[in-house]
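Chains as they are written, first to last, in our numbering: chain A, 5 to 112; chain B, 485 to 599.
We put the CB at the ideal spot given by N, CA and C, even for glycine.
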Amino acid sequence: TQLLEQSPQFLSIQEGENLTVYCNSSSVFSSLQWYRQEPGEGPVLLVTVVTGGEVKKLKRLTFQFGDARKDSSLHITAAQPGDTGLYLCAGDDYKLSFGAGTTVTVRA
Amino acid sequence: GAGVSQSPSNKVTEKGKDVELRCDPISGHTALYWYRQSLGQGLEFLIYFQGNSAPDKSGLPSDRFSAERTGGSVSTLTIQRTQQEDSAVYLCASSPGRGRLVGQFFGPGTRLTVL
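Pasting the structure below:
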C-alpha cells in the first residue's frame with residue numbers, strides 16, 4: 005500500500021505552459037521532500053517542507069504544504085524542456101517513503 | 485568526485501548466482517540508505533545504516549538480501565541465489581545524519597538484470 009499518492013501519473017505539456025503535480029499522504033511525516041530524477045541517474049532533492057501551510061519558491065517552481073501536513077503540490081510556471089523528468093514526493097522519517105512519481109514531459 | 489558513487493553501473497547475472505553491489509557515500513556522511521526502484525513497485529526502502537550499524541533492516545524483502553557497512557563508509561549489498569524478481573535498479577543514498585532536514589544524496593544506481 006502506497007503511503008503517498010501522486011497525481012497525475014503522466015503529464016505532457018508544451019513549452020511555456022504551467023503544470024501542477026499533487027502529492028497526498030495517508031500519514032504525517034516529520035518533513036516532506038520533492039525530488040526530480042532523470043533517466044540513468046538518482047533522484048536529486050528539490051525542496052524540503054516541514055511546516056503546515058508552508059510555501060517555498062525555487063525560481064519557476066513553487067511548493068506548497070497543506071495545513072494538515074498531509075498534502076503537497078509542486079507548481080511549475082512557464083515550463084521548459086529542461087524541466088522534463090520524473091518528479092517524486094517523499095515522506096521523511098529518517099528513511100524515505102516515496103510516491104509512485106509523476107513523469108513530466110515538456111515539448112519544445 | 486564529491487557525490488555518491490555506485491558500482492557496477494550495470495550487472496547481468498543468471499538466476500541462482502550471488503551478486504554484490506557497492507556504494508561509496510559522500511565523505512563524512514554518517515547515514516547510508518539502500519533503495520530499490522522497479523517499474524511495478526516504484527522506489528522502496530531496503531535498509532538504513534547509522535555508522536556501521538543497521539538499526540532498520542525492515543525493507544529487505546527476504547533473507548537472501550544482506551548488507552554491511554565498514555569503517556563508517558563503504559557499503560555492500562549482497563543478494564544470494566538471485567531470482568528474476570530481483571531485477572531492478574538499486575540506489576544508494578547518504579546524508580549527514582538524522583534530524584538534519586537536508587535530504588538524501590543519491591548515487592546513479594546499479595541496474596541489476598537477472599536472466
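Whole angstroms is fine: what's the gap from cysteine 507 (chain B)'s alpha carbon to serine 550 (chain B)'s? 14 Å
Which of the residues in the segment 536-563 of chain B, read from start to end, lie with their CB under 7 Å from any CB of chain A? Asp540
Against threonine 52 (chain A), what residues of chain B qualify as contacts under a CB-to-CB distance less than 8 Å, listed in chain order? Leu585, Val586 and Gly587
Can you pull the chain A residues whose beta carbon is under 8 Å from the beta carbon of glycine 591 (chain B), in chain order? Gly46
Between the CA atoms of arginine 595 (chain B) and alanine 572 (chain B) - distance to the nearest angstrom: Between alanine 572 (chain B) and arginine 595 (chain B), the C-alpha separation is close to 6 Å.
Buried or exposed for glutamine 525 (chain B), going by 16 or more other Cβ atoms inside 10 Å? exposed
Cα separation between glycine 487 (chain B) and glutamate 45 (chain A)? 12 Å
Between which two residues does the beta strand (DSSP E) holding lysine 99 (chain A) run? 99-102
Glutamine 37 (chain A): contacting residues in chain B (beta-carbon distance under 7 Å): Close partners of glutamine 37 (chain A) in chain B (Cβ separation under 7 Å): Gly587.
Okay, do the segment 60-72 of chain A and the segment 6-19 of chain A touch, 3+ Cβ pairs below 8 Å being the bar? no
Mind listing the chain B neighbours of glycine 105 (chain A)? Cutoff is C-beta to C-beta under 7 Å, in chain order. Gly526
What is the DSSP secondary structure of glycine 86 (chain A), reduced to helix, strand or coil? helix
Can you tell me whether proline 492 (chain B) is buried or exposed? The criterion is at least 16 other CB atoms within 10 Å of its CB, across all chains shown. exposed
Threonine 554 (chain B), buried or exposed, once every other Cβ within 10 Å from all chains shown has been counted against 16: exposed
How would you write the range of the beta strand (DSSP E) that phenylalanine 33 (chain A) sits in, first residue to last? From DSSP, phenylalanine 33 (chain A) is part of no beta strand (DSSP E); its letter is neither H nor E.
Let me know if arginine 111 (chain A) comes out buried or exposed under the rule of 16 or more other beta-carbons within 10 Å of its beta-carbon. Around the CB of arginine 111 (chain A), fewer than 16 other CB atoms lie within 10 Å, so the residue is classed as exposed.
Would you say phenylalanine 69 (chain A) reaches chain B, if we count a Cβ-Cβ gap shorter than 8 Å as a contact? no
Kindly list, in the order they appear in chain B, the residues whose Cβ is closer than 7 Å to that of phenylalanine 102 (chain A). Gly526 and Leu527
With a threshold of 16 other CB atoms inside 10 Å of the CB of leucine 599 (chain B), please say whether the residue is buried or exposed. exposed
DSSP three-state assignment for glutamine 588 (chain B), whether helix, strand or coil: Three-state result, glutamine 588 (chain B): coil.
Under the rule that 16 or more other beta-carbon atoms within 10 Å means buried, what is alanine 577 (chain B), buried or exposed? buried
Compute the minimum distance between the beta carbon of leucine 100 (chain A) and the heavy atoms of the ligand NAD, and state whether it is under 7 Å. Absence of the ligand NAD is noted for the structure shown, with no ligands found whatsoever.
Inspect the beta-carbon positions of tyrosine 26 (chain A) and leucine 92 (chain A) and report whether they are closer than 8 Å. no
Can you give the Cα-Cα distance for aspartate 540 (chain B) and histidine 513 (chain B), rounded to whole angstroms? 17 Å
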